[in-house]
Amino acid sequence: MNTELPTLAVTGSTGGLGGRVATLLAAAGVGQRLLVRDPSRAPTLDGAVPVPFAGYGDHDSVVAALDGVTTLFMVSAAEDADRLGLHFAFVDAAAEAGVRHVVYTSFAGAAADCTFTLGRDHFHTEERIKDSGMDWTFLRDNLYLDFFPYLVGEDGVIRGPAGDGVVAAVTRDDIAASAVAVLTEPGAHVGSTYVMTGPEAITMSQVAETIAHVQGREVTFHDETVEEAYESRKRWEAPDWQYDAWVSTYTAVAAGEMAEVTDDVLRLTARQPMTLAEYLARQ
Ligand SMILES: NC(=O)c1ccc[n+]([C@@H]2O[C@H](COP(=O)([O-])OP(=O)(O)OC[C@H]3O[C@@H](n4cnc5c(N)ncnc54)[C@H](OP(=O)(O)O)[C@@H]3O)[C@@H](O)[C@H]2O)c1
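Numbering (the working numbering), first residue to last: -14 to 268.
Printed below as a string of structure tokens:
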């Protein structure tokens, strides 16, 4: 067993969420190994040791990289036709490597039949982790609030079949701070599922109004039909599963599956999560 490297492993540190988690852990003086596909892109942080591996699907390199790890922060993989297969391979290899506790970033409302198609992958990944024998903690993230400005088209319109549904989006900063609370005291969070949300649930019309107000520009929401949504997204070439994911993000909002507001960020971090207006005002 590798006893020289830190026993806490973090994935996704070259990305938005994992990078924030790694930075906060380093600031708290916590040692970590950063599992990275490209070590030259690993963040340089005190106490952080980049450990190269070939990705979630590569069994042997995962088992080697996780040798001696007790707690693993698993960021869900990038969208992929076989994301579930990658997740299963990674979870199985983590268990084989002797990992004791997986902290996984899942999705709000994850269920076998949830409207958001990728939420189903998250549900099945959670089940795989539960069946693995490892301890687990799930952070079920709502939509990333910091993505909302990017939903605005060049014409100032947010388009999608979200109707009057509300969404309790949350910033990646708030998710990362919550994750760090769990990772620095993992034993206290075994078997817990936390639903990561902002402090309010708002309609897409309110999202548009807030961006317009804070940024001083015209932004509106157009409630597309499902057919219009598939049609308008055809300007980006993509496989069918990707169109389904894009459109079902909005139909899940319409169905109320992203509406739940919790105080889990507050409970874990002792601070209120940011609203959209607060987030935008800080940019
Ligand atoms: N809640 C939401 O609204 C929402 C929105 C978008 C995505 N997500 C999910 O949340 C995850 C984290 O978000 P983010 O903003 O941090 O995404 P991001 O900036 O794209 O970062 C993804 C990270 O995961 C790593 N990664 C992806 N696929 C991998 C694989 N197969 N094997 C090993 N590492 C892999 C990437 O490594 P490389 O740098 O090597 O590629 C990168 O470090 C995403 O991957 C996605 O699953 C959630």
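The C-beta atom is built at its ideal place from N, Cα and C for all residues, glycine as well.
query	result
Proximity test, Gly172 beta-carbon vs ligand 1 heavy atom, cut-off 7 Å	no
Proximity test, Ala62 beta-carbon vs ligand 1 heavy atom, cut-off 7 Å	yes
Cβ shell of Ala95 (< 7 Å), same chain only, five flanking positions each side left out	Gly104, His107, Phe108, Glu111 and Arg125
N-terminal and C-terminal residue of the beta strand (DSSP E) that Asp120 is part of	Asp120 to Asp126
Same chain only: Cβ atoms within 7 Å of Ser190, ignoring 5 sequence neighbours per side	Phe206
Rounded separation between Val151 and Glu81 - CA only	41 Å
Residues sharing a beta bridge with Met59, DSSP	Tyr89
Buried or exposed (CB count within 10 angstroms, at least 16 for buried), Pro224	exposed
Bounding residues of the alpha helix (DSSP H) (the contiguous stretch that carries Ser(-2))	Neither: Ser(-2) is in no alpha helix (DSSP H) and is coded neither H nor E.
Close beta carbons around Ile114, own chain, < 7 Å, minus the five adjacent residues each side	Val76, Val87, Tyr89 and Trp121
CA nearest to the CA of Val246, picked from Asn127, Met119 and Val21	Asn127
Beta strand (DSSP E) segment containing Gly145, residue limits	Val142 to Gly145
Three-way DSSP call (helix, strand, coil) for Thr33 in this model	Note that residue 33 is Ala in the sequence shown, not Thr. Strand.
Pro24, buried or exposed, once every other Cβ within 10 Å from all chains shown has been counted against 16	exposed
Which listed residue (Pro134, Thr56 and Leu20) has its alpha carbon closest to that of Val167	Thr56
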